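Counting with the working numbering, you get residues 3 to 69 for the letters of the sequence shown. Heads up, the thing below is written out as structure tokens.
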Amino acid sequence: MSSSHSVSACPCHPQDMDRQPRSGWMRLLPWLRLYRCSSCNRMRLLSKQKVDNARLLHAAQVRARGG
Ligand SMILES: [Zn+2]
């Protein structure tokens, strides 16, 4: 039996994502934005609304901790 070779999921958090400039084909997907994860350097397509929501939530949590 082969040892566990699971797809390692990077714990990517939207607040760690850097916006990337859009390339031409992305005009076909106007609701998506291209992001690069700053921890694993992987490119991801995420909906802007989802990322914005997660960022707001994260910011609120940081604020609540007094950070
Ligand atoms: Zn990542």
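Ideal Cβ placement from N, Cα and C applies to all residues, glycine included. Remember, it's a predicted structure, so these values are computed and weren't measured experimentally.
### Task
Taking R46 as the reference, give the member of N55, R67, A62, R35 with the closest Cα.
Here residue 46 is taken as the residue at index 44 of the sequence shown, counted from 1. Nearest Cα to R46 within the set N55, R67, A62, R35: R35.
#### Entry: Three-state class that DSSP yields for R46 in the structure shown
Your numbering for residue 46 matches position 44 in the sequence shown. Look at R46 here: in three-state DSSP terms it is strand.
### Message
In this structure, how does DSSP classify L34 when only helix, strand and coil are distinguished?
### Response
Taking the sequence shown and counting its residues from 1, one reaches residue 34 at position 32. Of the three classes helix, strand and coil, the one that applies to L34 here is strand, per DSSP.
### Message
Would you say the beta carbon of R29 is closer than 7 Å to some non-hydrogen atom of ligand 1?
### Response
In the sequence shown, residue 29 corresponds to position 27, counting from 1. Within the chosen limit of 7 Å, ligand 1 does not reach the beta carbon of R29 with any heavy atom.
### Task
Please indicate yes or no: does the CB of R2 lie closer than 7 Å to some heavy atom of ligand 1?
Residue 2 lies beyond the stretch modelled for the chain, which goes from 3 to 69, so this question has no answer here.
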